[in-house]
Amino acid sequence: MSKKKLMFVVGTRPEAIKMAPVILRAADDPRFEPLLVTTSQHREMLDQMLAVFGLTPAVDLDIMRHDQSLADVTTAALRGLDRAVADLAPDVVLVQGDTTTTFCGALAGFYHQVPVAHIEAGLRTFDKRQPFPEEVNRCLTTQVTEFHFPPTDRSLQNLLREGVREDRCWVTGNTAIDALFWTLDRAKRDGRLEAPTGRTLLVTAHRRENHGAPMERICNAVLRLVERFDDLEVEFPVHMSPRVRSVVMPKLGDHPRIRLIDPLDYEDFVLAMHRAELILTDSGGVQEEAPSLGKPVLVLRETTERPEAADAGVARLVGADEEKIVAEASRLLSDRTAYEAMARAMNPYGDGHAAGRILEPLA
Ligand code: UD1
Ligand code: UDP
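Now the structure itself:
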């Protein structure tokens, strides 16, 4: 029996983390021949993650240019992915999430009439501008997908409401949790998972809706929090986007208890989450991982396509509203009962076995 050729398309940091468990499992399965194609929409942040998981691309399109527009990313990714599908002739094209690479990979597969599999399908805010442009990327990706892999029942229901056939959907859990458990096991084995000491606030922010004035308000809130709590340390791995760095560096660069650092590799970031008392983030992936680590999250967004954690009471939306961020974080940092109510470890996004569930229907 010939092996099924699976073309995995990856462009950014979170796609590498969430695709890695599926690629690694496919590589161990005699039924599959996995081929990794990277657009490298992200360069340094992608290479950092490929190294963590020991992944080597078969094709690297190397499209990142500094501060390029969405149209630049889209045209370069589509042109390169179109060529890659033609050259590699895969049986299935797999895409993950909602980036521009995701949409272009799906479209390239569709144009060549190769079935597309979408991992993390069905997430929706029902607001085209939040997150921008991801909400539209994932809706468009659904339109050209044959194998839909919603992580949760909630995301399955979103797809069914849009008319996707139920027999084309497999609820799998999010592969983020596979990657997280794999990394926690490795860190434990290497003796790197130590009990947290002191109080650390971990911050990440990068969404386009938060560029500019909202990012300034987030920074102001962080400054007010370190001033209010004199034992509080802030750890802020700053995204490589110049739109993020040009605000965060000058605003927060000088404070002795705020550590602005370059993006951490995945294992180091997992250890940073484990050490943290509280997490402030607008990241999709971090919203999924934090509940599995029992860490309360304040989500720096107006709305989320990942409502499961907020519904379970372990995450809360605070937007980029300076007053709300300061008020909610202060409450959690000063009221032990409120803190403990939110610091309950649970796995609303997955059980760590998503990769296997994704591969079965593709065999
Ligand atoms: C992209 C995705 C977003 C995802 C995020 C994960 C789109 C439209 N956006 O947003 O959905 O949540 O990645 O982090 O697909 N840069 C570097 N080095 C890197 C990475 C980025 O210098 O390793 C800089 C470049 O100047 C680049 C800019 O950051 O042009 C923005 O990168 P881009 O991929 O366009 O958008 P992100 O904001 O990273
Ligand atoms: N992450 C990381 N290093 C960092 C910051 C984040 O490894 O310095 C990981 C994080 O654990 C999560 C993913 O990157 O798995 C989230 O990526 P990002 O926030 O860039 O994108 P999003 O998930 O919002 O699309």
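One point on numbering: in this note's numbering, the residue at position 97 of the sequence shown is 97, and numbering is uninterrupted. Idealized CB from N, CA, C, for every residue including glycine.
Going by the beta-carbon positions, is the gap between residue i and residue j smaller than 8 Å?
i, j, result
"D230", "H353", "no"
"V9", "V114", "no"
"P242", "T204", "no"
"V136", "V116", "no"
"H118", "H148", "yes"
"R275", "Q287", "no"
"A27", "P34", "yes"
"E209", "F103", "no"
"L156", "V171", "yes"
"R199", "L232", "yes"
"T141", "T100", "no"
"S292", "A345", "yes"
"E340", "A176", "no"
"P90", "M7", "yes"
"P296", "L332", "yes"
"L225", "L201", "yes"
"M215", "V247", "yes"
"E328", "R316", "yes"
"V222", "R257", "no"
"L107", "L78", "yes"
If I'm right that residue i touches residue j with Cβ under 8 Å, what's the distance once you round it to whole angstroms?
i, j, result
"L298", "L280", "5 Å"
"R217", "R301", "About 13 Å; that fails the 8 Å criterion."
"G122", "N158", "4 Å"
"T152", "Y349", "7 Å"
"R282", "G173", "Going by the sequence as given, residue 282 is Asp instead of Arg. Not quite, the Cβ-Cβ distance comes to about 23 Å (not below 8 Å), so this is no contact."
"F55", "L36", "Phe is not the amino acid found at residue 55; the sequence shown has Leu there. Between L36 and L55 the Cβ distance is about 6 Å, and since that is below 8 Å, they are a contact."
"D67", "T38", "The Cβ separation is near 20 Å, so there is no contact."
Can you name, in chain order, every residue of its own chain whose Cβ lies under 8 Å from the Cβ of residue i, other than the five neighbours on each side?
i, result
"R13", "H42, M45, L46, Q48, M49, P263"
"E267", "V52, T183, R186, A187, R192"
"K128", "E135, V136"
"A310", "V299, T304, R316, L317"
"V326", "A221, R224, L225, R228"
Between residue i and the rest of its own chain, which residues show a CB-CB distance below 7 Å, the 5 nearest in sequence each way excluded?
i, result
"E166", "L160"
"D62", "S40"
"V270", "L180, T183, L184, A187"
"P361", "F147, W170"
With a CB to CB cut of under 6 Å and the five nearest residues on each side skipped, what residues in its chain are close to residue i?
i, result
"H239", "H206"
"A76", "I63"
"D321", "none"
"D98", "E134, N137, R138"
Indicate, with yes or no, if the ligand COA has a heavy atom lying under 7 Å from the CB of residue i.
i, result
"P242", "Of the ligands one can find in the structure shown, namely the ligand UD1 and the ligand UDP, none is the ligand COA."
Checklist entry - Residues with a Cβ closer than 5 Å to any heavy atom of the ligand UDP, in chain order? => result Output, sorted by chain position: R13, P14, I17, P237, P263, L264, Y266, F269, S283, G284, G285.
Checklist entry - Which full runs of the alpha helix (DSSP H) of 4+ residues lie inside the region 44–125, going along the chain? => result Listed in chain order, the complete alpha helix (DSSP H) runs (minimum 4 residues) inside the region 44–125 are 44–53, 70–88, 100–111.
Next on the checklist: Going residue by residue through the region 205–281, where are the continuous beta strand (DSSP E) segments of at least 3 residues, counting only ones entirely within it?
Outcome noted: The qualifying runs are 232–237, 258–261, 278–281.
Next on the checklist: Please give me, in chain order, every unbroken run of the beta strand (DSSP E) with length at least 3 that falls completely inside the region 154–206.
Outcome noted: When DSSP assignments are scanned along the region 154–206, the uninterrupted stretches of beta strand (DSSP E) that are 3 or more residues long and fall wholly within it turn out to be 199–204.
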